[in-house]
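Asker: With the sequence shown counted from 1, adding 39 to any position gets you the numbering used here. Glycine included, each C-beta is placed from N, C-alpha and C at the ideal position. Quick one: this structure, given as structure tokens, is what I'll be asking you about.
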Amino acid sequence: MFIRKEYENKFIHDTTWMRNSVYNATVNANRKKNARMQELHTKKQSKADVEYNENAIQIVEELEATQGKSWVDMIYQANDMQRPTREVR
Numbered sequence: 040m041f042i043r044k045e046y047e048n049k050f051i052h053d054t055t056w057m058r059n060s061v062y063n064a065t066v067n068a069n070r071k072k073n074a075r076m077q078e079l080h081t082k083k084q085s086k087a088d089v090e091y092n093e094n095a096i097q098i099v100e101e102l103e104a105t106q107g108k109s110w111v112d113m114i115y116q117a118n119d120m121q122r123p124t125r126e127v128r
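Right under this line is the structure:
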């Protein structure tokens, strides 16, 4: 019974994917001029690693406490850019 039920679930899954693919293809083929195509697989943003982000923020705060904002100047210098200046009016 277990194998039969799993085969049934696989069959349903496969036919659903096929239906979605065919539907998407027909919608894209019959779309109006200059209309966007529909993506079959939408891209989902991955979840942020909270622990990694907290550690990164802590490191940046420690650097700013000891060295100030000189790390920002180093990034601009490494990219051959000049740090933007604010105009005071």
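Between the segment 48-63 and the segment 77-86, do three or more beta carbon pairs fall short of 8 Å?
Answerer: Because the criterion of three Cβ pairs below 8 Å is met, the segment 48-63 and the segment 77-86 touch.
Asker: What three-state label does DSSP hand H52 in the structure shown?
Answerer: H52: helix per DSSP, three-state reduction.
Asker: DSSP three-state call for Q84: helix, strand or coil?
Answerer: Here Q84 sits in coil by DSSP.
Asker: Whole angstroms are fine: how far does the CA of E126 sit from the CA of V111?
Answerer: V111 and E126: Cα-Cα distance of roughly 19 Å.
Asker: Please report the distance separating the alpha-carbon of I98 from that of Q116.
Answerer: Approximately 21 Å between the Cα atoms of the pair.
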